[in-house]
Ligand code: DOR
Ligand code: ZN
Ligand code: ZN
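Residue numbers (our numbering): 499 to 937.
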């Protein structure tokens, strides 16, 4: 099976390529990337005017299986990923049961193989049941397929346990993905401690809730040699501390979510839980620091923290509804609209933040279009303008603060191991599920 992708703007950070080129894919592998490739092929994709990037990688999503399938399943989440341009996603362990043992890791791996052609990689919990006390078996979890360990949804609050975890992670060679939130400081907060919370009469979440754990975890990474990845950074001090950690040569990386670089607390229209997530939307100074950090590369990665919840849960008040918003189907357009179009990121840097560097953090050889690599490729039309409509999401979660927002940048093709898993041509959207023969 041969496929030629013709005339696109090929963006490959690994070879520092930003040029109009053709790509030949055969049997799921990239064969060559050259100025012009002709000859027989089973399919030819016209990529004129489009970005052609290594398949996007999201280090941080929540698919709710096992346990909360009414919010999202591995299948529906993977479809949302394909529609959003992602060929690889890492799923957090706060499921029911928690992904804290080999059996659950294997369940996720096997289920993903059964239902999707994209790569769904499990992240294992740091402690049994995410109870914060007893470390899980990192070595065997890694052997079963876990690509990182994380307590996401909360922090390991006991610094002794957190240190033990980082020591073990360093020994085993698995990255720690840290959700930074001091449970005791957060108290009953539901949105940023600022003007909006005052105006609406809600308890606030101070920046310090995040900052004290970011500081602690960076120090513990220094103490143990662990590879630390800071999830969903939202504050200006987080950015400053990541910069200092990098200057000190520590193996620390950090991610920023599209909602945190796009919205401030001032965008919360009132008691609408589609604007409730953890960490919360912050003040303008924080957003400015995050954007600047993404531009300079201090902040390494864009991840979504895709956190689908059921409609009935998100219809509740800010005080009652669960934290979290969906993100897989809006990440590309928000990144283009807010960062590329505003000159914060070049298209090549977008490929770096959304594919090349995430792959590096996982120690994976994905994230590039070099010949010989598996053909995970995302093709994006950066010009198309449209209005986000959550009814069109294929995720079961429609909980987004971006419904009705005008954006630019549309995924045209998502290709996983040489197979088109999503296409949108001439307004016709098509998700090609596993085992459904291609027409
Ligand atoms: O907003 C969030 N939602 N933040 C988290 O840390 C957890 C996540 C979820 O699981 O819904
Ligand atoms: Zn989190
Ligand atoms: Zn999360």
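Quick reminder that beta carbons are idealized off the backbone N, C-alpha and C, glycines included.
Report yes if the C-beta distance between residue 554 and residue 830 is below 9 Å; otherwise report no. Yes; because the gap between Cβ atoms is below 9 Å, this pair is in contact.
With a threshold of 8 Å, establish whether the CB of residue 651 neighbours any heavy atom of ligand 1. Answer for residue 651: yes, Cβ within range of ligand 1.
Nearest candidate by alpha-carbon position, reference residue 675, set 665, 624 and 682: Among 665, 624 and 682, the Cα nearest to that of residue 675 belongs to 624.
Is residue 803 a contact residue of ligand 3, with contact defined as CB to any heavy atom under 8 Å? Under cutoff, so the answer is yes.
Who are the near neighbours of residue 600 in its chain, counting only those whose CB is closer than 6 Å to its CB and skipping five residues on each side? Shown here for residue 600: same chain residues with a beta carbon closer than 6 Å to its own, the five before and five after excluded, namely 638 and 642 in chain order.
Any idea if residue 534 is buried or exposed, counting beta-carbon neighbours within 10 angstroms, 16 or more meaning buried? Residue 534 should be labelled exposed.
Where does residue 786 sit, in a helix, a strand or coil, going by DSSP? In the structure shown, residue 786 sits in a helix (DSSP, three-state: H, G or I).
When you compare each of 789, 790, 748 and 804 to residue 774 by their alpha carbons, which one comes out closest? From the listed residues 789, 790, 748 and 804, the smallest Cα separation to residue 774 is found for 804.
Please confirm if the region 705 to 723 is in contact with the region 527 to 541, defined as three or more CB-CB distances below 8 Å between the two stretches. No: the two stretches stay apart, fewer than three of their Cβ pairs being nearer than 8 Å.
Rounded to whole angstroms, what's the CA-CA distance from residue 686 to residue 703? Just pull it up for me. Their backbone Cα atoms lie some 8 Å apart in a straight line.
Between residue 741 and residue 796, which are expected to be in contact by the criterion C-beta below 8 Å, what is the C-beta distance as a whole number of angstroms? Taking C-beta atoms under 8 Å as the contact rule, residue 741 and residue 796 qualify, at a distance of about 5 Å.
Under 7 Å Cβ to Cβ from residue 828, same chain only, skipping five residues before and after it: list those, please. Result list for residue 828: 756, 886, 898 and 900, in chain order.
Can we count residue 575 as close to ligand 3, meaning its CB is less than 8 Å from some heavy atom? The answer is no for residue 575.
Can you tell me where the alpha helix (DSSP H) holding residue 727 begins and where it ends? Under the DSSP assignment, residue 727 falls outside any alpha helix (DSSP H), being part of the beta strand (DSSP E) whose first and last residues are 726 to 728.
Residue-chain proximity (residue 562, chain B), Cβ-Cβ < 9 Å: Here chain B cannot be found, since the structure has a single protein chain.
Quick one: residues in its chain with C-beta nearer than 6 Å to the C-beta of residue 852, no 5 flanking neighbours on either side, listed in chain order? Same-chain partners within the cutoff: 554 and 800.
Note down, in chain order, each residue of its chain lying with its Cβ closer than 6 Å to the Cβ of residue 904, except the 5 sequence neighbours on either side. Taking C-beta separations shorter than 6 Å and ignoring five residues to either side along the sequence, the partners of residue 904 in its chain run 885, following chain order.
Count the other C-beta atoms from every protein chain shown that fall within 10 angstroms of the C-beta of residue 816, then say buried if there are 16 or more, exposed otherwise. With 16 or more other Cβ atoms within 10 Å, it is buried.
Let me make sure I understand the geometry here. Which of 679, 667, 669 and 640 has the alpha-carbon closest to that of residue 656? Nearest of 679, 667, 669 and 640 to residue 656, Cα basis: 679.
Give the DSSP-derived three-state secondary structure of residue 645 in the structure shown. Under the three-state reduction of DSSP output, residue 645 falls in the coil class, being neither helix nor strand.
Mind checking whether the beta-carbon of residue 822 lies closer than 8 Å to any heavy atom of ligand 3? Residue 822 has its Cβ nearer than 8 Å to a heavy atom of ligand 3.
Which of helix, strand or coil does DSSP assign to residue 704? If DSSP states are grouped into helix, strand and coil, residue 704 belongs with coil.
Please confirm whether any heavy atom of ligand 1 lies closer than 8 Å to the CB of residue 690. Residue 690: no, Cβ never under 8 Å from ligand 1.
Cutoff 8 Å; reference residue 604; Cβ partners in own chain excluding five residues on either side: Same-chain partners within the cutoff: 642 and 643.
Where do the N-terminal and C-terminal ends of the alpha helix (DSSP H) with residue 666 fall, by residue? Under the DSSP assignment, residue 666 falls in the alpha helix (DSSP H) whose first and last residues are 657 to 670.
Limits of the alpha helix (DSSP H) - the one that residue 696 falls within: Start and end: 693 to 698.
Expected contact under 8 Å - CB spacing of residue 542 and residue 502 to nearest Å: Correct: roughly 5 Å between the Cβ atoms.
Note down, one range per segment and in chain order, each beta strand (DSSP E) of at least 3 residues found wholly within the region 532 to 611. Qualifying beta strand (DSSP E) stretches, in chain order: 541 to 544, 549 to 552, 554 to 559 and 584 to 589.
Is the Cβ-Cβ distance between residue 874 and residue 913 less than 9 Å? For residue 874 and residue 913, yes; Cβs fall inside 9 Å.
Taking the alpha carbon of residue 665 as the reference point, which residue from 721, 760 and 694 has its own alpha carbon closest? Relative to residue 665, the option among 721, 760 and 694 whose CA is nearest is 721.
Residue 784 to residue 509, Cα distance in whole Å? Approximately 30 Å, taken between the alpha carbons.
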